[in-house]
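Here's the structure we're looking at; comments come further down.
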Amino acid sequence: MTDAAVTVATETPLRRRKRPRAVFISGIAMLALIALAALTAGLFWPAGPWVAAGEPYTPPMTAPGLPLGTDVLGRDVAAMLAYGARVSMLIGIASTLAAAILGIVIGATAGYARGWVDDALMRFTEVFQTIPSFMFVIVLVVIFTPTIATITLAIAVVSWPPVARLVRAEFLSLSSREFVQSCRLIGMHPARIVFAEILPNCFSSVIVVSSVMVATAVLVEAGLSFLGLGDPNTASWGGMVANGKAVIRSSPYLSIIPGFAIFVLVLCINVVGEGLNDRLNPRMRN
Amino acid sequence: MPSYASFLIRRLFQSFLIVVGIVIINFVVLNIPPGDMADVMAGTAGGGDPGYADALREEFGLDEPITIQFVNYMTSLLRLDLGYSFTRNMPVMQAIMDRLGATLLLMSTAILLAFVLGVLMGMIAGKNAGKPLDAVISVLALIGYATPLFWLGLLLILLFTINLGWLPSGGMKTIGMRGPWWQQWLDIGEHLILPAFTLAVFYLAIFARLMRSSVIEVAGQDFVRTARAKGMTEGRVYLRHVTANAMLPVLTMLGLQIGGMLGGSVVVETIFSWPGLGRMTYDAIFARDVNLLLGVLFMSSVCVVVTNLLVDLLYSWIDPRIGLNG
Amino acid sequence: MEINRRLFTLGLGSAVAWPALGGLTTAAYAQSPVMGGTLRIILSEPVGLVSAVSSQGPIAQISPKIFDGLVEYDLDMNPQPQMATSVEMSDDAQTMTVVLREGLTWHDGEPITSADVAFSAMEVWSQFHPRGRSTYAALTEVETPDELTAIFKFSKPSAFVMNALNASEAQVVPKHIYEGTDILTNPNNLAPVGSGPFKFVEWQQGEYILLEKNENYWKEDEPYLDQIVVLLIADSASRAIAFEAQEVEAAGAIPVSLADARRLEELPFIEIPESGYEAYGNNNFMEVNVRREYLADPKVRQAILHALDREAMIKNVYFEFGKVATGPVPSTISTYYTADVPTYEFDTEKAISLLEEAGFTPDGSGVRLNLTLDPLPYGPIYPTVAASIKQQLAVVGIEVTIRSADAATYYQRVYGEGNDFDLTITGASALTDPTIGVQRFFWSKNIIAGVPFSNASGYADPEMDEILESAAAEPDPAKRIELFHKFQVKAATDLPILPINDMPYFAVKNTRLQNSEVSPYGFGGSFSTAYLAE
């Protein structure tokens, strides 16, 4: 999934038409709203999502104070949703950050060193690109037991290759450019060339790639939780859908609501990612 | 231009290295944590006596040092012997072959569906770029791209099975069905619709988006303008020049997607009780059936590598101008 | 026939034998059976079809249809002849003589002889069957003076063997197929040549297993059914839909989610039988690692139990299945069960004061104690129960961290070296006798690292050991019952294990299916007299 997302985001030269600004702005606004809900969950539900708030299986809009109803244990679905947003966003961002760092380090090393180092690192990258990623994430999470940390790292482990390839490509093209050549001529320290000259020039493309990786990471986390591989101590949207699945006939709202939340979050991230792509992608700045 | 043979040999060697790398990584990962299959088997057996798990370990060679186990595994792998699955009670190869058909049917249908519809939608959108039709298709693609697979599956079951009663909710065949071959195929087809569509939607969206931008890009290139200038009709221009060229990046993407789709099939097979590899793999992870897992991951990576190879060859066949170096 | 089978289990010193009478309880024949037809049942994919080498749940359900046992047990747990016409245990309980029925054949036509019995006991059960390894640990040899007689010799009294002679515990396998092969990987384990009322036809992995009537079965007119199609459906929601669409007649061992079971029950053609799972004594409980300093005080354990509203858990999480457990012996084992034990009603005030007494005061954020909880990683119910426990214990200031894991990790954590756990929510079968199914969790000599379902709590109490050991050796049934009552009081006082609920191991079936619960093993029976009503 990761590769696809990245390719779509980076190799899509939509020269003809920028998407409307309004869509981009409303995507950001919606994301901000979800983030706000995640951050302020503690104010509205100070006791956390793990308290019985009413009769189990109360449908939405039937009990005062429980707009989205309650689940199998009588927990407030709205509270679960807000706390679940934390997990989705946290894992989405943290795993992408980790993958980006890993990808930059590997890509930069390969692109700067070239030669056999480059060769070896690129073979290594291909290995990780070839492993069926979701299956590998499942293996990692099961083997190292599901917690927020292991899930984050497992997603990062399968997500970094596109970043590495991108950064390597940027390095290869940038280091032959004049400004880098002249830095070399004046005897600038290689570390300084990398950190002060080349890396900053890669950032915009890395950000574009990353925005889409966040969306993928959110989907992967949801998929894991749906399979029962989420952190059992947190409310997570995928886990909520899985719990609702058993009672999908009598209480379909328990699977529909959290699934819709995942959909909206991923949609917004994608919209914002595309907006960033339109604005930051170096290939589009003519 | 290098010959096909040398290209093939080089690529095959690279692919071989990749597959070996994958096996090594998986072997290491699967042997890091505490506990093994003998624990699980003793557990599912309801306990047993202290010697039971040890007897199993001895039987399965799990009492050997890990390095010896690794060497044993790699040498038998070279003979294409994937070992024995103790949780399925049969050679790993047989366990995989028993399920491979169902997974291949599901995946190939999904790929076909995603590719054909995706390319078609992308064509239409690209040709009408900026018009309402383009907007509709783009929004649909955006939605397909953001919908969680498992949620879509549940919604489809809710709608088509529970509410409308039109389609079966799971399985691959009607139980105990005995009829002429065409009836059997029809029956499988009916069971295939929901899982294949669920699996296809995400990729359909990707292909549509990619095709759209690719069409826009190609349509602006010189050789297309030349064709137009020669007085070719717009329809022919698209059919003869734009489509084939615009499809190239979509083909590459297809190759890259096989691995991801295998992962998606774990989820889809779980929701729709599809008797394929995905579900078996998931169970194997929980039972710590290392041999079976390594076997499945090995076969999947071979699958991915071979597909990529085929895509490369197809690529050069569609567009001979593209060298085999790339 | 009137002899109480449990006497055998206790090593009663007298010769015990039962006469060779045919047939099951007459009640089973109240309605005249319908001959023919195909029965469709659902099963999770088994790892094989031969119980002699594995005690895995799904195998125990299907294998007895393909293989006869030496005996079969009726609903009151009395042995009934099957392959054997008589089984006799000597006074010293060290010699057991089995006489086979004349003219029995394997499904491939070969005759079944005492050599098959001897081979199965010596080379298969005592080597590879997880329970057989201990049941037959004292078996030294099996003599075969003639084709039909097998004489088992034990090095010490082994009267309880009489308890384990049915098709899932002691399954006779064909010697001519297994001899000289690697028994665990013999292809016969997947495509068996059996001896029972149904013959194996084919197994489509992931789809179905097909069995057909054995025309040469020794019982006249049986089996009634022509075919059994075993559908291998893993997903419980798909199973429910199959029941609803009447695409399937039956499935055992809690085949669908509890919510679906309640929903299906409302349908006029579905029933959930009241019996047919007695032999499993299924119950759920929470083991406490009493080695932990903060869990060593019984007051803390009592507090935890007081903090749990088990009635509400049964209502919401278990959908009204089962009832609150009072102790480790499930109420289904009515002979030994007593309700007259200390009980711990839902009372958070009391829980808090007990914690205060034990010296656990709240910190700044109201937390008195941090504990981990490991749910048994099978099925969706334990994680939900764990979530419910976490939620309830938070109210009294116990912060629970749930740790989910795959089975291998779970067994290592709870039963492995070091016993790295605080609480685990788990379940087990108490089987038919507390000595066999319950003692293992409380007996200090059963604290064995690396053995799943041993004494994981680390509870070691000389008085408890004394009670358990004398109960196991006691020949007088009345005294034995008394000892087990004492055991239950002691267990409920010390609380190394917190009882949660007794859970019926129920089946779901279409009302057309008749005669399927003729033994306490229910769906693990042979089904030779099961039939589909018109």
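Chains as they are written, first to last, in this note's numbering: chain A, 1 to 286; chain B, 287 to 612; chain C, 613 to 1146. Even glycine gets a Cβ: it sits at the ideal position worked out from N, Cα and C. Every value quoted in this text rests on a predicted model; they were computed, and no experiment measured them.
Out of the options, which has the shortest C-alpha to C-alpha gap to residue i?
i	options	result
residue 1124/C	1045/C, 734/C, 945/C, 858/C	858/C
residue 1045/C	894/C, 715/C, 856/C	894/C
residue 714/C	826/C, 759/C, 728/C	759/C
residue 55/A	46/A, 156/A, 65/A, 47/A	65/A
residue 874/C	845/C, 927/C, 1052/C, 837/C	927/C
residue 502/B	535/B, 478/B, 482/B, 594/B	535/B
residue 970/C	1083/C, 962/C, 909/C, 721/C	909/C
residue 434/B	265/A, 21/A, 89/A	265/A
residue 936/C	946/C, 957/C, 948/C	957/C
residue 564/C	951/C, 981/C, 838/C	In the structure as shown, chain C begins at 613 and stops at 1146. Residue 564/C is therefore absent and cannot be evaluated.
residue 297/B	603/B, 594/B, 374/B	594/B
residue 214/A	249/A, 70/A, 100/A, 108/A	100/A
residue 392/B	482/B, 496/B, 546/B, 585/B	482/B
Is it the case that the Cβ atoms of residue i and residue j are separated by a distance below 8 Å?
i	j	result
residue 687/C	residue 1063/C	no
residue 541/B	residue 551/B	no
residue 269/A	residue 211/A	yes
residue 318/B	residue 143/A	yes
residue 221/A	residue 131/A	no
residue 852/C	residue 860/C	no
residue 1115/C	residue 997/C	no
residue 917/C	residue 1107/C	yes
residue 914/C	residue 966/C	yes
residue 682/C	residue 668/C	no
residue 1018/C	residue 571/B	yes
residue 412/B	residue 498/B	yes
residue 77/A	residue 256/A	no
To the nearest whole angstrom, what separates the beta carbons of residue i and residue j, a pair I think is in contact under 8 Å?
i	j	result
residue 841/C	residue 652/C	5 Å
residue 247/A	residue 871/C	5 Å
residue 699/C	residue 777/C	7 Å
residue 183/A	residue 193/A	5 Å
residue 253/A	residue 60/A	6 Å
residue 207/A	residue 276/A	6 Å
residue 940/C	residue 1053/C	7 Å
Just the Cα atoms here: how many angstroms apart are residue i and residue j?
i	j	result
residue 734/C	residue 691/C	23 Å
residue 405/B	residue 892/C	57 Å
residue 216/A	residue 363/B	34 Å
residue 955/C	residue 903/C	24 Å
residue 515/B	residue 507/B	13 Å
residue 422/B	residue 432/B	16 Å
residue 640/C	residue 883/C	Unreliable placement is indicated for residue 640/C, whose pLDDT of 44 sits below 50; the coordinate value is still reported in the next sentence. Rounded to the nearest angstrom, the two C-alpha atoms are 18 Å apart.
residue 881/C	residue 1122/C	6 Å
residue 599/B	residue 533/B	14 Å
residue 341/B	residue 35/A	54 Å
residue 1027/C	residue 901/C	11 Å
residue 845/C	residue 555/B	11 Å
residue 635/C	residue 945/C	Residue confidence is low: residue 635/C scores 40 on pLDDT, short of 50, so the model does not pin down where it sits. Its coordinate-derived value is still stated next. If I take the Cα positions, the gap works out to 25 Å.
residue 896/C	residue 1113/C	5 Å
residue 633/C	residue 741/C	Caution applies to residue 633/C, whose pLDDT of 37 falls short of 50 and renders its modelled position unreliable; the model cannot decide the point.
residue 441/B	residue 1143/C	38 Å
residue 769/C	residue 987/C	38 Å
residue 230/A	residue 719/C	48 Å
residue 258/B	residue 1060/C	Outside the shown range of chain B (287 to 612) lies residue 258/B, about which nothing can therefore be said.
residue 656/C	residue 375/B	15 Å
residue 603/B	residue 597/B	10 Å
Name, in chain order, the residues that DSSP records as bridge partners for residue i.
i	result
residue 709/C	700/C, 763/C
residue 467/B	According to DSSP, which records beta bridges pairwise, residue 467/B is partnered with nothing at all.
residue 717/C	723/C
### Message
So if I threshold CB-CB distances at 9 Å, which residues from the region 998-1018 of chain C count as touching chain F?
### Response
The structure shown contains no chain F; its protein chains are A, B and C.
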